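Numbering (the working numbering), first residue to last: 1 to 103. Here a beta-carbon is modelled for each residue, glycine too, at the ideal position from N, C-alpha and C. All of these numbers come straight from a predicted model, not from anything done at the bench.
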């Protein structure tokens, strides 16, 4: 895997006597050089195809013909709870139900 590169911008003083427009001056003043960054960018996390296929398969099973009126948020919550089953149990559900009683 190739290392990620960032850009290091440095300003240089203009040495010419002729007047440039603001845009031309800005382009001349900025020296953009590639610098190797010591870390991997975390703006996005690359998914593995197996995880994505499994998620879409589960979504297809949950969002069946009889559940076409389900709101997208509800589908997202169900898939989240299925994927993160290790984070909750019956006691957690009982506690949440006690805090939010149905009206």
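Please return the same chain residues whose Cβ sits closer than 6 Å to the Cβ of residue i, not counting the five positions on each side in sequence.
i          : result
residue 75 : 63
For residue i, which residues in the same chain have their Cβ closer than 8 Å to its Cβ, ignoring the five residues on either side in sequence?
i          : result
residue 89 : none
residue 77 : none
residue 66 : none
Are the C-beta atoms of residue i and some chain B residue less than 8 Å apart?
i          : result
residue 53 : Absent from the structure is chain B; it holds one protein chain and no more.
Under 8 Å between the Cβ atoms of residue i and residue j?
i          : j          : result
residue 96 : residue 79 : no
What separation, rounded to the nearest whole angstrom, lies between the Cα atoms of residue i and residue j?
i           : j          : result
residue 71  : residue 94 : 24 Å
residue 105 : residue 44 : Given that the chain is displayed from residue 1 to residue 103, the structure contains no residue 105 and the question cannot be resolved.
residue 73  : residue 25 : 50 Å
residue 85  : residue 23 : 55 Å
residue 55  : residue 92 : 24 Å
residue 98  : residue 61 : 30 Å
residue 48  : residue 81 : 20 Å
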